[in-house]
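As structure tokens, the structure follows; a few thoughts come after it.
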Amino acid sequence: MGNLVQYICLLKNKNIIELQIKLCACPRSWSKNTIKVYRYAGNPSPDTHTHTHTHTHIQAFLPTKTACNVSAVTSGHPGSETVSVSLDKAPQETEKMGRLHFTLDNNFTDNMLVVGILQAAELPAMDVEGSSDPYVKLYLLPDKKKKFETKVHRKNLDPNFNETFSFQVPYTELGGRTLVMTVYDFDRFSKHDAIGAVKIPMSTADFSQSLEEWRDLQKAEKEESEKLGDVCLSLRYVPTAGKLTVVILEAKNFRDSDPLHMCRTDDISGLLLLRQTFVFSILDSYVKIHFMQNGKRLKKKKTAIKKNSLNPYYKESFSFEVPCEQIEKVQIAVTVLDYDKIGKNDAIGKVVLGASSTGTEQRHWSDMLANPRRPIAQWHSLRHQEEVNSLLFSKK
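Given below as structure tokens:
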């Protein structure tokens, strides 16, 4: 969310005071921000009465439990003065981030840890409209080999998820693991904000019986995950024509991890030995699309190769014939690859949309179906191809 700038005019003895507030739009971030108040056509010398008056009027515009301190400094402009106001959040109880209702069980026969995400409650509003678009991401520390996401629930501070996920982990290996369940606020075109998280060390869990519990969300730690990059896709479905159109728009934040793309040279001039390291962003990428149904690849298409760019623009459109009765059964697998003239083309990352997709991918697909004939664009974070494939082909 961007900064909110408000202009408020105050009157005192026919003198105009212009109050400029520059704050984050989210009240949760209102702390230690500076306001400048300009008073014109008056005595530039500050006095206690003026400060009290200004303080009273400023306080009226602030959110509850927010205090302001007023101190005046005469500026160099005749007939005006600048009053600096510091906003401080008044001491209060620990900020509530909401609660999460979940179940935990262990299937000893199949070596499966089964986690049920039931619902969340009392989530804070994360957007200016006073709502949030929550979903839950869960994984096991320390390896994070498999991550799951619930569906996104639009404009809901008390969502019912009712989804179940299974981790293939032998009971003997659970002791050193920690289950992390993080609630995020979905945003189609920017980074998703973490609302809060619940962490459960598996060494403390009693698997003699199923666990069902409510827990308060705590501040979520930054997820130290390997960033593979992001891809922006547009989806459009025309039911009357039975036509699905996928547009590969652009990608960003690729990492050039190929060791051949990094070189070290020595410059020997007889007097000086200079060692330098050069990093070249010479990644050549393209996107491959697989049209799938029931896990079978039916069609394959790909974009042109975009050379020497870690943030390429593709802007290529691909269409598939999909009758209305089949649209709920198909999948679109999008894989970004690093082109290599000599060796194998390595996969940078992958996403899958359509049947059995979860999280933000499922949200994008649902939005497309809910808006026929209208292109719906969205950014997606790439995942490791192995991780996506394990989820994709494990679906029944």
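Once you know that position 4 of the sequence shown is 4 in UniProt numbering, the rest is easy, because the numbers rise by one and skip nothing.
All C-beta atoms, glycine included, are put in the ideal place defined by N, C-alpha and C.
Quick one: is residue i buried, meaning 16 or more other Cβ sit within 10 Å of its Cβ, or exposed?
i: Val152; result: buried
i: Arg236; result: buried
i: Ala304; result: exposed
i: Pro159; result: buried
i: Leu382; result: buried
i: Arg363; result: buried
i: Gly343; result: exposed
i: residue 398; result: Since the first residue of the chain shown is 1 and the last is 396, residue 398 is not available in this structure.
i: Val128; result: exposed
i: Ala355; result: buried
i: Leu174; result: buried
i: Ala370; result: exposed
i: Ala241; result: exposed
i: Gln385; result: buried
i: Pro312; result: buried
i: Phe161; result: buried
i: Leu141; result: exposed
i: Gln331; result: buried
i: Trp379; result: buried
i: Phe108; result: exposed
i: Trp365; result: buried
i: Phe254; result: buried
i: Ile291; result: In the sequence on display, residue 291 carries Phe and not Ile. Phe291 should be labelled buried.
i: Phe189; result: exposed
Where does residue i sit, in a helix, a strand or coil, going by DSSP?
i: Arg99; result: strand
i: Tyr237; result: strand
i: Lys329; result: helix
i: Val247; result: strand
i: Arg383; result: strand
i: Gln378; result: strand
i: Gly349; result: strand
i: Thr178; result: strand
i: Leu311; result: Contrary to the premise, residue 311 reads as Asn rather than Leu in this sequence. In the structure shown, Asn311 sits in coil (DSSP, three-state: anything other than H, G, I, E or B).
i: His192; result: coil
i: Arg363; result: helix
i: Ala370; result: helix
i: Ser319; result: strand
i: Glu213; result: strand
i: Val169; result: coil
i: Asn389; result: helix
i: Thr204; result: helix
i: Leu10; result: At Leu10 the pLDDT is 44, less than 50, meaning the model places this residue with poor confidence; the figure from the coordinates comes in the next sentence. Leu10: strand per DSSP, three-state reduction.
i: Val279; result: Legend: pLDDT at Val279 = 44, less than 50; position of this residue unreliable, no value from coordinates given.
Are the CB atoms of residue i and residue j nearer to each other than 8 Å?
i: Glu122; j: Arg154; result: no
i: Thr360; j: Phe148; result: no
i: Val180; j: Val136; result: no
i: Thr178; j: Thr358; result: no
i: Ser210; j: Ala377; result: no
i: Lys288; j: Lys299; result: no
i: Leu104; j: Ala205; result: yes
i: Leu249; j: Asp338; result: no
i: Lys341; j: Val388; result: no
i: Pro201; j: Asn111; result: no
i: Ser390; j: Val336; result: no
i: Gly176; j: Ile348; result: no
i: Lys329; j: Gln293; result: yes
i: Pro375; j: Val238; result: no
i: Val247; j: Ser317; result: yes
i: Ser319; j: Thr245; result: yes
**Q.** Segments of 4+ residues assigned as alpha helix (DSSP H) that fall wholly inside the stretch 109-165
**A.** none
Q.
Whether or not the stretch 113-131 and the stretch 163-175 are in contact is what I'm after, with contact meaning three or more pairs of Cβ atoms, one per stretch, closer than 8 Å; do they touch?
A. yes
Q) Is it true that the stretch 125-143 meets the stretch 188-206, where meeting means three or more beta-carbon pairs spaced less than 8 Å apart? A) Contact holds: three or more Cβ-Cβ distances are below 8 Å.
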